Amino acid sequence: MRVVIGGGSGFVGRELTRLLKSKGHEITIISRQPGPGKITWAEVESGGLPPCEGAVNLAGENIMNPLRRWNDSYKKDLVTSRVNTTRILAQAIAASPTPPLSWVLVTGVACYKPSLQTQYTEESEWTPFDFLSRLVKEWETAGQLPENSAKKTRQMIIRPGAVLGRDGGAMKQMLVPFWLGLGGTLGSGRQPFPWIHVSDLAGIIAHALEPKEEPPSTEPDVFNGVAPALNTNFEFTKELGRTLKRPTIFLVPGFFLDAFLGSERAVILTQGQKVVPKKTLESGFEFQYPNLTSALKEIVGY
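If you count the sequence shown from 1, you need to add 1 to reach the numbering used here.
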């Protein structure tokens, strides 16, 4: 199978590329810079999609980049890097004389309103309520194919939680302070912490790309890209401390995170959603790392 991956040079893209290549698939990465096995977004926009059976978009500015101050310029970059690339790919798929069989857009669980009680599945209804949820709405709308194209190409949306892995994502910023014994609970610690190991997220995407017998629906199939374990930030903090054999006695107040990250961005850490991968499990996907203990042991090398 030939697969085109937008943003394939990033943390999740590298893992997905490795997995797909191990299965014998041929990968073309869409990137800002040209290179071997790559094409640019400008080339897709002007010349169309190369022949492929699957297309994936993972592109997007890192929302937790500690070097970027939370302001209008940064928020604009977050939106355009996701929405524009998604629109370019969707339009290229719709215009292709031989469109791919599968189109997978990876967004996020920020569409679900944070709650200590509500449990969300893929069927849960939601409406935008803040900057991040409005971003997800605009992002997913940009990926919607016109009806005539949707009859030829299966559309899928995967909404991951915090992506955990050794070489990037949330763990890259957390490991040093935890190693130094400076790790601690964020805010109250009671907030849900939806997460997924990067290998499982890549696995869900690869599983979604596999050909299906039934004809595609005109509406996207949604899959929650989260581990089946329901954990809080406190549970995550304590498990990471146990795995590293380090204390986790520090508390990071919510107001500090609001000041440091910006309140609209800090909600990712100080609030959370109980998200269940109901349809993901029903699709037959099997998690390699269904709980924190197995995931963290793999990540830190124990």
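Ideal Cβ placement from N, Cα and C applies to all residues, glycine included. Being a predicted model, the structure only gives us computed values, none of them experimental.
Start-to-end residues for the beta strand (DSSP E) that takes in residue i
| i | result |
| --- | --- |
| residue 197 | 196 to 198 |
| residue 104 | 103 to 107 |
| residue 29 | 27 to 32 |
| residue 98 | No beta strand (DSSP E) contains residue 98, which DSSP labels as neither H nor E. |
| residue 181 | Taken as a continuous stretch (DSSP letters only), residue 181 belongs to no beta strand (DSSP E), as it is neither H nor E. |
| residue 238 | Here residue 238 belongs to no beta strand (DSSP E); instead the alpha helix (DSSP H) covers 234 to 245. |
| residue 39 | 39 to 41 |
| residue 251 | 251 to 253 |
Inter-residue Cα distance where the pair is residue i and residue j
| i | j | result |
| --- | --- | --- |
| residue 277 | residue 204 | 17 Å |
| residue 60 | residue 40 | 14 Å |
| residue 156 | residue 145 | 8 Å |
| residue 215 | residue 92 | 24 Å |
| residue 304 | residue 8 | Because the chain in this structure spans residues 2 to 303, residue 304 falls outside the shown range and cannot be described. |
| residue 256 | residue 183 | 18 Å |
| residue 49 | residue 233 | 44 Å |
| residue 270 | residue 29 | 34 Å |
| residue 19 | residue 196 | 21 Å |
| residue 267 | residue 99 | 43 Å |
| residue 273 | residue 199 | 19 Å |
| residue 206 | residue 194 | 21 Å |
| residue 180 | residue 22 | 34 Å |
| residue 231 | residue 153 | 36 Å |
| residue 10 | residue 32 | 7 Å |
| residue 67 | residue 235 | 22 Å |
| residue 253 | residue 261 | 11 Å |
| residue 218 | residue 240 | 41 Å |
| residue 300 | residue 149 | 44 Å |
| residue 212 | residue 102 | 7 Å |
| residue 24 | residue 188 | 42 Å |
| residue 294 | residue 85 | 38 Å |
| residue 220 | residue 151 | 8 Å |
| residue 51 | residue 177 | 41 Å |
| residue 259 | residue 96 | 44 Å |
| residue 69 | residue 14 | 22 Å |
| residue 34 | residue 117 | 43 Å |
| residue 229 | residue 283 | 12 Å |
Beta-carbon proximity of residue i to residue j, cut-off 9 Å
| i | j | result |
| --- | --- | --- |
| residue 140 | residue 87 | yes |
| residue 210 | residue 4 | yes |
| residue 279 | residue 108 | no |
| residue 163 | residue 137 | no |
| residue 305 | residue 127 | Because the chain spans 2 through 303 in this model, residue 305 falls outside it and cannot be assessed. |
| residue 62 | residue 75 | yes |
| residue 94 | residue 104 | yes |
| residue 297 | residue 244 | yes |
| residue 6 | residue 80 | no |
| residue 16 | residue 166 | yes |
| residue 160 | residue 225 | yes |
| residue 263 | residue 208 | no |
| residue 275 | residue 119 | yes |
| residue 190 | residue 238 | yes |
| residue 290 | residue 201 | yes |
| residue 227 | residue 158 | no |
| residue 65 | residue 192 | no |
| residue 251 | residue 302 | no |
Start-to-end residues for the alpha helix (DSSP H) that takes in residue i
| i | result |
| --- | --- |
| residue 281 | 279 to 283 |
| residue 297 | 293 to 301 |
| residue 136 | 132 to 143 |
| residue 149 | 148 to 151 |
Where residue i falls: helix, strand or coil (DSSP)
| i | result |
| --- | --- |
| residue 164 | strand |
| residue 113 | coil |
| residue 94 | helix |
| residue 56 | strand |
| residue 227 | coil |
| residue 11 | coil |
| residue 304 | The question about residue 304 has no answer, for the chain in this structure spans 2 to 303. |
| residue 174 | helix |
| residue 270 | helix |
| residue 87 | helix |
| residue 222 | strand |
| residue 187 | strand |
| residue 159 | strand |
| residue 6 | strand |
| residue 275 | strand |
| residue 61 | coil |
| residue 169 | strand |
| residue 75 | helix |
Heavy atom of the ligand SAM within 8 Å of residue i beta-carbon
| i | result |
| --- | --- |
| residue 51 | The ligand content of the structure shown is nil, which means the ligand SAM is not present either. |
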